[in-house]
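First comes the structure, then the notes that go with it.
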Amino acid sequence: MTFIWQYPAEVDSVHDGDTVTVHMQVSAIEERHGVDCRIEGINALELRDKFGAEARDALAKLLPPGTPVILVHRRKEKFGRFLVRITLPDGTDVSDKMLTALASDGVTHLAVPYAG
Numbered sequence: 017m018t019f020i021w022q023y024p025a026e027v028d029s030v031h032d033g034d035t036v037t038v039h040m041q042v043s044a045i046e047e048r049h050g051v052d053c054r055i056e057g058i059n060a061l062e063l064r065d066k067f068g069a070e071a072r073d074a075l076a077k078l079l080p081p082g083t084p085v086i087l088v089h090r091r092k093e094k095f096g097r098f099l100v101r102i103t104l105p106d107g108t109d110v111s112d113k114m115l116t117a118l119a120s121d122g123v124t125h126l127a128v129p130y131a132g
């Protein structure tokens with residue numbers, strides 16, 4: 017059986033094109049700060065890659081500090097981060113936005129689908 021959890025959260029910072037740090041409400045009386053989350057369904061360019069900084073900046077534009085979001089969490093990934101889908105208050109899925117984002121060359125995708 018797989019459990020799916022949904023949490024209200026607020027973005028603290030963006031690390032790269034597929035990793036953010038948030039604080040999230042985990043129960044009526046408990047809030048967790050400094051929670052590292054990897055965005056499910058995408059693999060963004062690494063910071064060391066050409067256009068990696070653009071991937072980070074594209075995500076930071078979608079998720080500036082203080083942005084309220086909904087996290088949908090199924091499990092932790094291999095590095096211990098929460099693996100999450102992130103939804104904006106207007107219903108926008110952040111993974112979908114990153115998958116359509118292009119680098120400044122107009123050709124390179126800043127993120128690709130990832131099932132791992």
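Counting from 17, one number per residue, gives the positions in the sequence shown under the working numbering. Backbone N, C-alpha and C define an ideal beta-carbon position, used for all residues, glycine too. From a predicted model like this one, the values you see are computed outputs, not experimental measurements.
Return the CA-CA distance between Val42 and Thr116, expressed in angstroms with no decimal places.
Here residue 42 refers to the residue found at position 26 when the sequence shown is read from its first residue. Here residue 116 refers to the residue found at position 100 when the sequence shown is read from its first residue. The straight-line gap from Cα to Cα measures roughly 31 Å.
Any idea if Lys113 is buried or exposed, counting beta-carbon neighbours within 10 angstroms, 16 or more meaning buried?
Residue 113 sits at position 97 when you count from the first residue of the sequence shown. Classification for Lys113: buried.
Do Glu33 and Ala119 have their C-beta atoms closer together than 8 Å?
One-based indexing of the sequence shown puts residue 33 at position 17. One-based indexing of the sequence shown puts residue 119 at position 103. The sequence given here places Gly at residue 33; Glu does not occur at that position. Not a contact, by the Cβ cut-off of 8 Å.
Suppose the cutoff is 6 Å on Cβ atoms and the five residues either side in sequence are ignored; what does the same chain contact list for Asp52 look like?
Here residue 52 refers to the residue found at position 36 when the sequence shown is read from its first residue. Taken in chain order, the residues that qualify are Thr37, Arg97.
Nearest-angstrom Cα separation, counted from Ile55 out to Ala131:
In the sequence shown, residue 131 corresponds to position 115, counting from 1. In the sequence shown, residue 55 corresponds to position 39, counting from 1. C-alpha separation (whole angstroms): 11 Å.
Going by DSSP in three states, Lys77 sits in which element: helix, strand or coil?
One-based indexing of the sequence shown puts residue 77 at position 61. Here Lys77 sits in helix by DSSP.
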